[in-house]
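For the sequence shown, the numbering used here begins at 13 and goes up steadily by one.
This report concerns only the one structure given below.
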Amino acid sequence: MTDLALIWSDEAFAADLALLDGDLAKDGGLKTAVILSLFTDARARPDDVLPQEGADRRGWWPDALGADEDRMGSRLWLLAREKLTPDTVARAREYAEEALMWLVRDGVARELVVTVEVVGPAALGLHILIGRGDGPDRERFDFVWKGL
Numbered sequence: 013m014t015d016l017a018l019i020w021s022d023e024a025f026a027a028d029l030a031l032l033d034g035d036l037a038k039d040g041g042l043k044t045a046v047i048l049s050l051f052t053d054a055r056a057r058p059d060d061v062l063p064q065e066g067a068d069r070r071g072w073w074p075d076a077l078g079a080d081e082d083r084m085g086s087r088l089w090l091l092a093r094e095k096l097t098p099d100t101v102a103r104a105r106e107y108a109e110e111a112l113m114w115l116v117r118d119g120v121a122r123e124l125v126v127t128v129e130v131v132g133p134a135a136l137g138l139h140i141l142i143g144r145g146d147g148p149d150r151e152r153f154d155f156v157w158k159g160l
């Protein structure tokens, strides 16, 4: 599986396409898939509390056509106005695991470990460990999620 490579910027809280020798770089690992899974806004469920009453429930338009397990993105955006409490940290972990679980379901990964910690007054650290194949190969990804 090869994707166009994305580079995540904790400072800008955004991803951009990576360049290599004047051309678009490619990602043969999982970094781009993880970035898209975590930082694309999944549609809020009917029982989710929105950051603002009456706000858009967001989501990627093809999600309306597929099954729940094929949905794109995470619900991390729902935490945008939350205070950093243990409950918020637990929900962030739940939302990140939910967004990345397709890797296990589709056989891309055999193991997924997500940990979340408070790293600033309005930021969470997301630490992702993904085990691939039968061997000890693991990829680790660390992101800062801001806007709480």
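In this text, a Cβ means the ideal position worked out from N, Cα and C, and glycines have one as well.
- Distance between Leu42 and Ala54, taken at the CA atoms: about 19 angstroms.
- With contacts defined by Cβ atoms closer than 7 angstroms, Leu90 and Asp60 form a contacting pair.
- By the beta-carbon neighbour count (other beta carbons within 10 angstroms, threshold 16), Thr44 is buried.
- Assigned with DSSP and collapsed to three states, Lys43 falls in helix.
- Annotation note: the segment 107 to 156 contains the following uninterrupted alpha helix (DSSP H) runs of length 4 or greater, listed N- to C-terminal: 114 to 117.
- Taking 7 angstroms as the cut-off, the beta carbon of Gly143 is found no closer than this to the beta carbon of Glu129.
- Contact annotation, Ala111 with Leu138: C-beta distance approximately 10 angstroms; criterion of less than 8 angstroms not satisfied.
- Annotated as proximal: Asp75 and Arg83, with beta-carbon spacing under 7 angstroms.
- DSSP places Ser21 in the uninterrupted beta strand (DSSP E) bounded by Leu18 to Ser21.
- Pairing Ala104 with Lys158, the inter-Cα distance amounts to about 12 angstroms.
- In the DSSP annotation of this structure, the continuous segment of the beta strand (DSSP E) that includes Asp28 starts and ends at Ala26 to Leu29.
- C-alpha of Trp114 to C-alpha of Leu50: approximately 12 angstroms in a straight line.
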